[in-house]
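K.L.:
Heads up, the sequence shown is in the numbering used here, so the first residue is 464 and it goes up one at a time. Yeah, the Cβ is synthetic: ideal placement off N, Cα and C, and Gly gets one too. What you are looking at is a predicted structure, and each value in this text was computed from that prediction instead of being measured.
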Amino acid sequence: MSDRPRLWITRKLSDATIERAMRDYDTVVNMEDTPGTADDLIQASAEFDAIIPCHSEHFSADVAARLDPRLKIIANHSVGVDHCDLPALHARGIAVTNTPDVLSDATAELAMLLMLGAARHAVAGDRIVRTGAWDFWSPSFMVGKQLTGARLGIVGMGRVGQAFAAKARGFDMDIHYYNRSELPDARAQGATYHATVESLLGVSDFLSLHCPATPETTGLMNAERFALLPEGAVIVNAARGALVDETALMAALDSGRLAAAGLDCFQTEPGGNPAFASYDNIFMLPHIGSATTATRDAMGFRALDNLDAFFAGRTPGDLL
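#1: Between Arg759, Gly734, Ala722 and Leu476, which lies nearest to Asp743 when the distance is taken from Cα to Cα?
#2: Within a Cβ cutoff of 7 Å, which residues of the same chain sit near Val565, ignoring the five residues on either side of it in sequence?
#3: Taking C-beta to C-beta, are Phe689 and Ala711 nearer than 9 Å?
#4: Is the Cβ-Cβ distance between Gly725 and Ala574 less than 9 Å?
#5: Fully enclosed by the stretch 720-750, which alpha helix (DSSP H) runs are 4 residues long or longer?
#6: Could you pull out every residue in the same chain whose Cβ sits closer than 6 Å to the Cβ of Ala686, ignoring the five residues on either side in sequence?
#7: How long is the line joining the alpha carbons of His521 and Ala501, rounded to whole angstroms?
#8: Taking the runs of the beta strand (DSSP E) that are 3 residues or longer, which of them lie wholly in the stretch 648-672?
#9: Classify Val592 as buried or exposed, calling it buried when 16 or more other Cβ atoms lie within 10 Å of its own Cβ.
#10: Determine the DSSP secondary structure at Leu566, reduced to helix, strand or coil.
#11: Between the beta-carbon of Lys608 and the beta-carbon of Ala571, is there less than 9 Å?
#12: Give the DSSP-derived three-state secondary structure of Arg632 in the structure shown.
#13: Mind checking which residues open and close the alpha helix (DSSP H) that includes Asn769?
#14: Whole alpha helix (DSSP H) runs in the stretch 518-563 with 4 or more residues, listed along the chain?
#15: Taking only runs that begin and end inside the stretch 571-647, name each unbroken beta strand (DSSP E) of 3 or more residues, in chain order.
#16: Is it the case that the Cβ atoms of Phe773 and Thr560 are separated by a distance below 9 Å?
#17: Would you kindly report the start and end of the unbroken alpha helix (DSSP H) that includes Thr680?
#18: Could you name the residues that DSSP lists as bridge partners for Thr778?
#19: Our contact map puts Tyr641 next to Val660 with C-beta atoms below 8 Å; I'd like the distance itself, whole angstroms only.
#20: Spell out whether any CB of chain B is found under 9 Å from the CB atom of Gly763.
#21: Taking 8 Å as the cut-off, does the stretch 642-657 touch the stretch 596-606 (at least 3 CB pairs, one atom from each stretch)?
#22: Can you have a look at Pro532 and say buried or exposed, based on whether 16 or more other CB atoms are within 10 angstroms of its CB?
#23: Which class does Leu706 belong to by DSSP, given the choice of helix, strand or coil?
#24: Could you have a look at Leu470 and say whether DSSP puts it in helix, strand or coil?
#25: Return the residue from the list Asp478, Ala484 and Ala479 that minimises the CA-CA distance to Trp471.
#26: For Thr496, name the three-state secondary structure that DSSP assigns.
#27: Alpha carbon to alpha carbon, how far is Leu663 from Asp466?
#28: Quick one: what does DSSP say Ala513 is sitting in, helix, strand or coil?
#29: With a threshold of 8 Å (Cβ to nearest heavy atom), would Asp545 be considered close to the ligand MN?
#30: With 16 as the cutoff for other CB atoms within 10 Å, does Arg590 come out buried or exposed?
#31: Taking Cβ to Cβ, would you say Gly580 is nearer than 9 Å to Ala702?
#32: In whole angstroms, give me the CA-to-CA distance for Glu495 and His546.
Below is the structure:
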């Protein structure tokens with residue numbers, strides 16, 4: 464019998480990640496690539512010393528209470544850990560880690576795509592060309608919003624928010640941000656700090672959400688806050704679906720308060736919101752912010768780095 468720690472990988476991660484895991488651990492991978500259920504997680508806790516889950520596996524307080532003492536560490540293949548009840552897991556003596564830093568650029572790139580796609584009629588434009596309906600042009604045809612020189616509001620100026628701001632500077636945008644605390648000048652890079660979300664919204668021709676989903680940020684963008692945006696604003700969400708009240712979002716689009724939205728995440732995942740399908744001014748992607756080859760390898764390696772440290776008796780670099 465192998466004396467290596469037993470590891471369960473809940474989803475089909477990158478080939479490089481699986482190869483390294485197989486080399487260093489007694490590894491079982493869910494090659495069917497289906498989300499692990501509560502029962503799967505509880506059963507695995509009695510068979511494995513470590514689990515690498517994704518945000519599709521939910522370690523609720525109820526699940527945490529039923530985990531077997533054999534499980535020592537959950538090394539998440541994600542930055543966000545809203546799928547983990549951290550206090551409940553810590554109470555069971557289970558270490559929890561995540562994978563910060565390595566997906567910031569990929570997610571920021573996708574947020575920029577969402578902003579451009581929403582601002583420049585990507586959904587409607589693609590459709591009319593693809594279906595052969597493009598038979599007209601005039602100076603007023605499909606006029607969108609220009610990023611260059613516009614005011615950009617960023618909610619959450621962490622790693623991804625800062626990476627997004629860096630890319631937006633390439634469009635000469637006037638950058639404003641709200642964060643739990645003001646950044647040092649070297650990190651703010653000239654962006655204007657706002658002490659409240661409400662203050663930020665009034666100067667946000669474009670608004671991009673980059674904060675985690677917490678009880679405090681759930682429904683952050685509701686009807687009252689949409690009403691504070693400039694007329695014809697564009698909102699981007701490449702963070703978590705829970706941040707946006709989707710009914711209020713549609714009402715803001717219907718009223719013209721919002722010109723468009725770019726969304727990579729939704730309250731219901733997978734699937735999204737079927738009601739959004741009728742909106743040509745919502746540009747949507749299926750939660751693929753970190754989905755590049757380089758980033759998927761880096762996320763997998765970061766999770767394994769945390770496991771390596773833990774089983775060597777060191778404190779993992781990303782311990783939560």
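P.N.:
On the basis of the data shown:
#1: Ala722
#2: Thr758, Ala761, Met762 and Arg765
#3: yes
#4: yes
#5: none
#6: Ala711
#7: 7 Å
#8: 655-657 and 669-672
#9: exposed
#10: coil
#11: no
#12: helix
#13: Thr756 to Phe774
#14: 524-528 and 549-554
#15: 614-618 and 637-641
#16: yes
#17: It is not in any alpha helix (DSSP H) - Thr680 carries neither H nor E in the DSSP assignment.
#18: Thr778 pairs with nothing; no bridge assigned.
#19: 5 Å
#20: Chain labels in this structure do not include chain B; a single protein chain is all it has.
#21: no
#22: exposed
#23: helix
#24: strand
#25: Ala484
#26: Strictly speaking, residue 496 in this sequence is Asp, with Thr absent from that position. It is coil, neither helix nor strand.
#27: 55 Å
#28: strand
#29: The model on display carries no ligand, and the ligand MN is accordingly not part of it.
#30: exposed
#31: no
#32: 21 Å
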